[in-house]
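Q: Below: one structure in structure tokens.
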Amino acid sequence: MGIFSPAPYHILSYGTLLGSTAFHTFINGILASRTLPRPNFASLMSRLFPIYFALQSALPAVLALTYPASRNPFGPAGGIAGVLDARNRATVLAPLAAAFVCAVANLAVVGPRTTGVMEERRAQEKKDGKKAYDAPPHSQEMVALNKRFGMLHGVSSLLNLGTFIATVVYGFTLADRLV
Numbered sequence: 024m025g026i027f028s029p030a031p032y033h034i035l036s037y038g039t040l041l042g043s044t045a046f047h048t049f050i051n052g053i054l055a056s057r058t059l060p061r062p063n064f065a066s067l068m069s070r071l072f073p074i075y076f077a078l079q080s081a082l083p084a085v086l087a088l089t090y091p092a093s094r095n096p097f098g099p100a101g102g103i104a105g106v107l108d109a110r111n112r113a114t115v116l117a118p119l120a121a122a123f124v125c126a127v128a129n130l131a132v133v134g135p136r137t138t139g140v141m142e143e144r145r146a147q148e149k150k151d152g153k154k155a156y157d158a159p160p161h162s163q164e165m166v167a168l169n170k171r172f173g174m175l176h177g178v179s180s181l182l183n184l185g186t187f188i189a190t191v192v193y194g195f196t197l198a199d200r201l202v
């Protein structure tokens, strides 16, 4: 093994994906929401999420590209061919594809829509003279925006959790190869 082997890049990519997802999901997001005023938290996350979701989207692809070949000469090949090998579909392809799809959905669809609703809420706050998170009553428009934001935020959280779970599942396959 050396710098030309895909194996070290595979391990580093896996560690980065698992570590960044775990840190952001269970530490960074929670701590920031409890520490920052809500407008500052929203501003931070709207700038952080595109980078975070892009990283979550790119790393499963890097993992597929750097998938190390089996040491067994009759085992699966490396790279995409190894990922697509029939023997690896459930243990390699499925979790990597799930992580990728969840992250891309957050990057390309759910994240931008959530940010859009946040901007709509800011505009509605100016019209209403009341923050979205202030105690009710709210205008009908704000109630609808809050409901839409809550739904999108929930979907985004589930997709993020999907990426995390798929990454952990793949970690068991990766660890099994080390034994």
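Going by my numbering, 111 is the number at position 88 of the sequence shown; the sequence numbering is gapless.
By construction, the Cβ of each residue, glycine as well, lies at the ideal position given by its N, Cα and C atoms.
Quick caveat, the model's predicted, so the values are computed rather than measured.
Give the list of continuous alpha helix (DSSP H) stretches no shorter than 4 residues that lie fully inside the region 77-121.
A: If we require 4 residues or more, the alpha helix (DSSP H) runs fully inside the region 77-121 come out as 102-107.
Q: Taking lysine 149 as part of the alpha helix (DSSP H), name the residues at either end of that continuous run.
A: Residue 149 sits at position 126 when you count from the first residue of the sequence shown. Unbroken alpha helix (DSSP H) run through lysine 149: 134-151.
Q: Could you check which residue in Cys125, Tyr75, Ala131, His176 has the C-alpha nearest to that of isoleucine 188?
A: The residue labelled residue 188 in the question sits at position 165 within the sequence shown. Checked all of Cys125, Tyr75, Ala131, His176; the closest Cα to isoleucine 188 is Cys125.
Q: Tell me whether phenylalanine 123 is buried or exposed, calling it buried when 16 or more other Cβ atoms sit within 10 Å of its Cβ.
A: For the purposes of this step, residue 123 is taken as residue 100 along the sequence shown, with counting starting at 1. Under this definition phenylalanine 123 is a buried residue.
Q: Go through its chain and collect everything with a Cβ distance to threonine 138's Cβ below 7 Å, but skip five positions before and after it.
A: Numbered from 1 along the sequence shown, position 115 holds the residue referred to as residue 138. Closer than 7 Å at Cβ, skipping near neighbours: Ser69.
Q: If we ignore side chains and look at the alpha-carbon of each, how far apart do alanine 84 and alanine 77 end up?
A: Working through the sequence shown from its first residue, we reach residue 84 at position 61. Working through the sequence shown from its first residue, we reach residue 77 at position 54. Roughly 11 Å between the two C-alpha positions.
Q: I'd like to know if the region 143-163 and the region 94-104 are in contact, where contact means that at least 3 CB-CB pairs between them fall below 8 Å.
A: Segments in contact, no.
Q: What does a CB cutoff of less than 7 Å around serine 36 pick up in its chain, not counting 5 residues either side in sequence?
A: The residue labelled residue 36 in the question sits at position 13 within the sequence shown. Counting only Cβ-Cβ distances below 7 Å, and skipping sequence neighbours, we find Leu82, Val85, Leu86, Thr89.
Q: Are the Cβ atoms of proline 96 and proline 29 separated by less than 8 Å?
A: Counted from its first residue, the sequence shown places residue 96 at position 73. Counted from its first residue, the sequence shown places residue 29 at position 6. No. Outside cutoff.
Q: Of the choices Ser162, Phe27, Gly194, Gly42, whose alpha-carbon is the least far from that of alanine 146?
A: Here residue 146 is taken as the residue at index 123 of the sequence shown, counted from 1. The shortest Cα separation from alanine 146 among Ser162, Phe27, Gly194, Gly42 belongs to Ser162.
Q: Determine the extent of the alpha helix (DSSP H) in which glycine 194 is found, giving its start and end residues.
A: Sequence index remark: in the sequence shown, residue 194 carries index 171 (1-based). Where glycine 194 is concerned, the enclosing alpha helix (DSSP H) stretches over 163-201.
Q: Rounded to the nearest angstrom, what separates asparagine 183 and leucine 119 at their Cα positions?
A: Start at 1 with the first residue of the sequence shown, and residue 183 comes out as number 160. Start at 1 with the first residue of the sequence shown, and residue 119 comes out as number 96. Asparagine 183 and leucine 119: Cα-Cα distance of roughly 14 Å.
Q: Are asparagine 129 and serine 179 closer than 8 Å when you measure CB to CB?
A: Within the sequence shown, the letter at position 106 stands for residue 129. Within the sequence shown, the letter at position 156 stands for residue 179. Yes, the Cβ-Cβ distance between asparagine 129 and serine 179 is below 8 Å.
Q: Where does the unbroken alpha helix (DSSP H) through isoleucine 53 begin, and where does it stop?
A: Along the sequence shown, one-based indexing puts residue 53 at 30. Residues 52-58.
Q: Considering Cα atoms alone, identify which of Phe27, Val106, Ala104, Pro135 is closest to phenylalanine 172.
A: Here residue 172 refers to the residue found at position 149 when the sequence shown is read from its first residue. The shortest Cα separation from phenylalanine 172 among Phe27, Val106, Ala104, Pro135 belongs to Pro135.
Q: Between which two residues does the alpha helix (DSSP H) harbouring histidine 47 extend?
A: By 1-based counting over the sequence shown, the position of residue 47 is 24. Neither: histidine 47 is in no alpha helix (DSSP H) and is coded neither H nor E.
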